[in-house]
Amino acid sequence: MTNQTIANFLTLPILTTLDLTGKDIRDVETRRLAAALHHNTVFTKLDLTSNHLRELGAQYLADALQHNTTLTTLNLWANQIGDAGTQCLADALQHNTTLIILNLRSNYIQEAGARCLANTLQHNTTLASLNLQYNKIGDAGALFLADGLQHNAILTSLNLQYDGIGDAGTQGLADELQHNKTLTTLILTSNDIGEDGAQSLSNALQHNTTLSKLCLTNNKIGDVGVQYLADALQHNTSAKIKLLDLKLILYCDENGCLTFLVFGKVDDGGFKN
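Residue numbering for the sequence shown follows the UniProt record's numbering, beginning at 1 and increasing consecutively.
Written out as C-alpha cells, the structure reads:
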C-alpha cells in the first residue's frame with residue numbers, strides 16, 4: 001500500500017475506522033499516516049496489526065497522538081516497537097486526552113517499556129484498556145505498573161498474559177488491588193504464578209470490591225492456591241468477581257476448582273480477552 005493510498009483514505013469524510021492489518025506498513029508509510037492524523041477530525045480507530053513498525057514508526061504515531069483529538073483506539077499488535085517505541089507512545093499519552101484503548105501485544109516490550117507506561121498511567125486521564133500480553137515485562141515491569149495504578153483512576157482493563165510474571169510481580173499488583181477502585185478486568189494467563197502469588201491475590205480479593213474478571217489460566221497455583229482464592233471470596237461478600245478463570249491450573253483437582261462455583265462467584269461462560 002502506497003503513501004498516497006493511505007493519505008487518500010484519511011481524507012474520506014465518513015471514514016472513522018481504518019484497518020491496515022498485515023499490509024506491510026513500515027516506518028516510512030507510518031510517517032505519512034501520522035501526518036494525516038494530525039489534521040483528521042473524524043477518525044476513531046486505527047488498526048496496524050502485523051506490520052513492520054519499529055521505534056521510528058512508533059515515534060511518528062506518538063507525535064500524531066499529541067495533536068489528534070478524535071482517535072480512541074490504537075491497535076499495534078504484532079509489531080516491533082520495543083522499549084524505545086513504547087517510551088515515545090507513553091510520553092505522548094501524557095498529553096493525549098482521547099485515546100481509550102491501546103493494544104501493544106507482542107511488541108518486544110520489556111521492563112523499561114513497562115516503566116514508561118506506568119509513569120503515563122499516573123498522568124493520563126482517558127486510557128481505559130491496556131493490552132501488554134506476549135511481551136517480556138517480568139516481575140519488575142509488573143511492579144512498575146502496580147506503582148502506576150496507585151495514582152490512576154481511569155484504567156479498567158489490564159492484560160498481562162504471557163509476560164513472565166511470577167509471585168513477586170503478582171504481589172505488587174495484588175497490593176494495589178486492595179485499594180484500586182476502577183480496574184474491573186485483570187488477565188494474568190500463562191505466567192509463572194505459584195501459591196505465594198495466589199495468596200497475595202486472595203488477600204487483595206478480601207478487600208477489593210471492583211474487580212469482576214480475574215484470569216489465572218495456565219499458572220502454577222495448585223490446590224493450595226485455589227483454596228486461598230476460595231477462602232477470600234467466601235469472606236468478602238462485597239466482592240464483584242463474576243468470572244474467575246482457572247482452567248489448566250496445574251494440579252488443581254475437580255473439587256478445588258468447583259469450590260468457586262459453590263460460592264456462586266464465577267460465571268461458567270467463556271472468558272474473552
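Positions of the beta carbon are idealized from the N, C-alpha and C atoms, including for glycine.
Item checked: Sequence-distant residues of its chain with Cβ nearer than 7 Å to Leu99 (five each side left out) -> Leu65, Leu71, Thr72, Leu74, Leu93, Thr126 and Leu127
Check: Leu46 to Leu18, Cα distance in whole Å?
Finding: 5 Å
Notebook entry, point to check: What's the call for Asn131, buried or exposed, on a 16-neighbour Cβ count within 10 Å?
Noted result: buried
Next item on the list: Quick one: grab the DSSP three-state call for Leu102.
Entry: strand
Check: How is Asp24 classed by DSSP in three states: helix, strand or coil?
Finding: coil
Checklist line | Exposure label - Ile14; buried when at least 16 CB within 10 Å | finding: Exposed.
Item checked: Collapsed DSSP secondary structure at Asn119 in the structure displayed -> helix
Next item on the list: Helix, strand or coil for Asp192, going by three-state DSSP, please let me know.
Entry: coil
Next item on the list: Count the other CB atoms, across all protein chains shown, that sit within 10 Å of the CB of Leu20; report buried if there are 16 or more and exposed otherwise.
Entry: buried
Next item on the list: Express the C-alpha separation of Asn119 and Gln199 in angstroms, rounding to a whole number.
Entry: 27 Å
Margin query: Using only the alpha-carbon positions, how far apart do Ala112 and Leu177 sit?
Written below: 23 Å
Next item on the list: Apply the 10 Å Cβ neighbour rule to Ala153 and answer buried if 16 or more other Cβ atoms are within range, or exposed otherwise.
Entry: exposed
Check: Which residue spans inside the segment 32-60 form an unbroken beta strand (DSSP E) run of at least 3?
Finding: 45-47
Checklist line | Bridge-paired residues (DSSP) for Ser129 | finding: Ile101 and Ser157
Next item on the list: Starting from Asp175, follow the beta strand (DSSP E) in both directions and report where the run begins and ends.
Entry: Where Asp175 is concerned, there is no enclosing beta strand (DSSP E), although the alpha helix (DSSP H) around it starts and stops at Asp167 to Leu177.
Checklist line | C-alpha gap between Asn124 and His95, whole angstroms | finding: 7 Å
Check: Around the C-beta of Gln171, are 16 or more other C-beta atoms found within 10 angstroms, so that it is buried, or is it exposed?
Finding: buried
Next item on the list: Use the C-beta contact count for Gly138: other C-beta atoms within 10 angstroms, 16 or more gives buried, fewer gives exposed.
Entry: buried
Check: Going by alpha carbons, who is nearest to Ala84 out of Asn180, Leu102 and Cys116?
Finding: Cys116
Check: Under a Cβ-count criterion, where at least 16 other Cβ atoms within 10 Å of its own Cβ denotes burial, should Thr30 be classed as buried or exposed?
Finding: Counting Cβ neighbours within 10 Å, Thr30 comes out buried, since at least 16 surround it.
Next item on the list: Note the first and the last residue of the continuous alpha helix (DSSP H) segment covering Asp19.
Entry: Taken as a continuous stretch (DSSP letters only), Asp19 belongs to no alpha helix (DSSP H), being part of the beta strand (DSSP E) at Thr17 to Asp19.
Next item on the list: Starting from the N-terminal side, write out each stretch of the alpha helix (DSSP H) that is 4 residues or longer and does not extend beyond the segment 197-255.
Entry: 222-235
Item checked: Among Gly225, Tyr228, Gly22 and Asn218, the one whose alpha carbon lies nearest that of Asp163 -> Asn218
Item checked: Continuous alpha helix (DSSP H) stretch holding Leu93: start and end -> Gly82 to Leu93
Next item on the list: Could you check if Gly22 is buried or exposed, using at least 16 other CB atoms within 10 Å of its CB as the buried criterion?
Entry: exposed
Notebook entry, point to check: Roughly how many angstroms separate the alpha carbons of Ala140 and Ile165, rounded to a whole number?
Noted result: 8 Å
Notebook entry, point to check: Where does the unbroken beta strand (DSSP E) through Leu74 begin, and where does it stop?
Noted result: Thr73 to Asn75
Note to self: Measuring alpha carbon to alpha carbon, tell me which residue in Gln161, Asn236 and Ala232 is nearest Lys136.
What the structure shows: Gln161
Item checked: C-alpha gap between Leu250 and Thr209, whole angstroms -> Per-residue confidence for Leu250 stands at a pLDDT of 44, beneath the threshold of 50, marking its modelled position as unreliable; no derived number is given.
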